[in-house]
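For what it's worth, numbering that gives the first Met the number 0 labels the leading residue of the sequence shown as 0, then goes sequentially.
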Amino acid sequence: MKIRALAIDIDGTLTDKLRRLNFTAGELIRELEARNVMVILATGNALCVADTTSTFLGTSGALIAENGGIISYGDEVEYLASIDEIEKAYSFLKDRLVIR
């Protein structure tokens with residue numbers, strides 16, 4: 000059975016505790032992509048971090064970001080929460096925290 004895809008976390012797996020990218024891991028990811036294994040990156044971080052990391056590493060798979068709240072593939076982005084839920088959470092935090 001041929002492996003067709005690999006999903007891997009960025010934070011603490013591809014990076015160290017100071018968020019520095021492991022170059023050996025990057026080389027291995029490029030090798031997987033060269034063998035037509037789609038690499039999917041996952042992170043609790045913002046989508047822009049996942050997208051930038053994907054660009055640096057040359058991955059072709061989907062991006063899972065913001066603690067699983069967003070999935071991006073190519074030009075398509077799917078938000079797994081409704082805008083109403085997001086606005087409700089924002090209002091809740093705004094009332095309790097100092098937001099600049």
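Yeah, the Cβ is synthetic: ideal placement off N, Cα and C, and Gly gets one too.
- Per DSSP, the continuous alpha helix (DSSP H) segment holding Leu46 begins and ends at 46-56.
- Between the segment 65-79 and the segment 29-36 there are fewer than three C-beta pairs closer than 8 Å, too few to call the two in contact.
- Residue environment analysis places Ser53 among the buried positions, since at least 16 neighbouring C-beta atoms fall within 10 angstroms of its C-beta.
- The Cβ-Cβ distance between Leu5 and Leu31 falls below 8 Å.
- In this structure, DSSP gives Ser71 an extended state, which the three-state scheme calls strand.
- For Asp94, the uninterrupted alpha helix (DSSP H) run begins and ends at 82-95, by DSSP.
- Distance check between Arg18 and each of Ile28, Ala49, Ile2 places Ala49 closest, using alpha-carbon atoms only.
- Between Ile39 and the set Ile7, Asn21, Thr51, the nearest pair of CA atoms involves Ile7.
- With contacts defined by Cβ atoms closer than 8 Å, Thr42 and Asp10 form a contacting pair.
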